[in-house]
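Peer 1:
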Amino acid sequence: IGLPSAFNYLSEVSFYITITLLVGTMGVVALSAHQIVYSLTALVVGTLGIGMGSASSIFLGQDRGRNSYHLLGIHTHIAYTILILLIGCLSILFYIFPTFFIEIYSQDPQTIKLAVSILMIGIFFQFFDAANALGVVLLRGMEITRRPFLHTIIAFWGIGFALSYILGIFQHRGPAGIWTGMTVAAIIGSVLQYVHLQYTLRTLQAIKS
């Protein structure tokens, strides 16, 4: 259980480090804007996605310990619903007041302008990346770690990195292209985790019914 979980974390961290190195080839302004937006979205994903997953996995563990398998789906649904509502509220704030949040990190006009445009993509990225993180943690709470790791490799390295490189480097779309690839990776990852989570819940409920 622990080893695939560790590799899953390592693969995600190394993915974002590699992405940052790619953006670094585009200049100081691009790198600064990228780091600002990533700091904002990582804060949301870390506190809400992982935090919500950790709290919810406790309920799932209690449900399994009590053989209350009918509650697994309910608690999972509640976790995703709360996550959607909270990130939705933060996304609205980011959309309405992007400059306010970005100016916390930088006062450079060029950096602010580029960061605002990236943040518009980052709004979608943070939603799906948080959903992906929630799915990974919930599956880990049910002692499933190998499949989430495989999903991460496919979504982020197999598809996301390739798409980011093509859009950002080959097609010269800059950080926006990079973030588009990251967002697609997060979308695919979150869908894969959610589908496997629902499959696991149905299987457990069928076995125990």
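In the working numbering, the protein residues as written are 73 to 281. Beta carbons: idealized from backbone N, C-alpha and C, even for Gly. Small disclaimer: the values here were computed from a predicted structure and weren't measured.
Measure from the alpha carbon of Ser-86 to the alpha carbon of each residue in Thr-255, Phe-233, Ala-205, then state which is nearest.
Peer 2: Ser-86 has its Cα closest to that of Phe-233, out of Thr-255, Phe-233, Ala-205.
Peer 1: Which ranges would you report for the alpha helix (DSSP H) in the segment 117-172 if only whole runs of at least 4 residues count?
Peer 2: Whole alpha helix (DSSP H) segments, 4+ residues: 123-137, 142-168.
Peer 1: Is the segment 217-228 close to the segment 156-163, with three or more CB pairs under 8 Å?
Peer 2: The segment 217-228 vs the segment 156-163: no contact.
Peer 1: Give a yes or no on whether the C-beta atoms belonging to Leu-155 and Leu-120 are separated by under 9 Å.
Peer 2: Yes, they are a contact pair.
Peer 1: Check the C-beta distance from Ile-190 over to Ala-248 and give it rounded, since I have them as a contact under 8 Å.
Peer 2: That belief holds up - the Cβ atoms of Ile-190 and Ala-248 are roughly 6 Å apart, short of 8 Å.
Peer 1: Counting only the same chain and skipping the five closest in sequence on each side, list residues whose C-beta sits under 8 Å from that of His-147.
Peer 2: Contacts found: Ser-128, Phe-131, Leu-132, Asp-135.
Peer 1: Is Phe-242 near the ligand PLP, in the sense that its beta carbon is under 8 Å from a heavy atom of that ligand?
Peer 2: In the structure shown, the ligand PLP is absent, as is every other ligand, since no ligand is present at all.
Peer 1: Could you tell me which whole alpha helix (DSSP H) segments of length 4 or greater appear in the segment 189-237?
Peer 2: The qualifying runs are 218-224, 234-237.
Peer 1: Take Ser-229 as the anchor and find which of Val-100, Ala-257, Ala-205 has the nearest alpha-carbon.
Peer 2: Going by the sequence as given, residue 229 is Trp instead of Ser. If we check each option's Cα against that of Trp-229, Ala-257 comes out closest.
Peer 1: When you compare the CB positions of His-106 and Trp-251, do they come within less than 9 Å of one another, or not?
Peer 2: Yes, the Cβ-Cβ distance between His-106 and Trp-251 is below 9 Å.
Peer 1: Between which two residues does the alpha helix (DSSP H) carrying Glu-84 extend?
Peer 2: It spans 74-96 - the alpha helix (DSSP H) in which Glu-84 sits, taken as one unbroken run.
Peer 1: Pairing CB atoms from the segment 89-104 with CB atoms from the segment 239-247, are three or more of them under 8 Å?
Peer 2: Touching, yes, given that three or more Cβ pairs across the two stretches are closer than 8 Å.
Peer 1: Whole angstroms are fine: how far does the CA of Ile-174 sit from the CA of Gly-145?
Peer 2: If you take the alpha carbons of Gly-145 and Ile-174, they lie about 38 Å apart.
Peer 1: Helix, strand or coil for Gly-99, going by three-state DSSP, please let me know.
Peer 2: Correct three-state label for Gly-99: coil.
Peer 1: Can the beta-carbon of Ser-111 be found less than 9 Å from the beta-carbon of Tyr-177?
Peer 2: Yes, these two residues count as a Cβ contact at 9 Å.
Peer 1: Quick check: what's the CA-CA separation for Pro-181 versus Ile-122?
Peer 2: Each residue's alpha carbon lies about 33 Å from the other.
Peer 1: Pull up the CB-CB distance for Leu-211 and His-142, whole angstroms please, since I reckon it's below 8 Å.
Peer 2: Going by Cβ atoms, the distance from Leu-211 to His-142 rounds to 19 Å, so no, they are not a contact pair.
Peer 1: If you draw a straight line from the alpha carbon of Thr-113 to that of Asp-201, how long is it in whole angstroms?
Peer 2: When rounded, the distance between both Cα atoms is 9 Å.
Peer 1: Would Thr-255 and Phe-196 qualify as a contact pair, given that the criterion is a beta-carbon distance under 9 Å?
Peer 2: Contact: yes.
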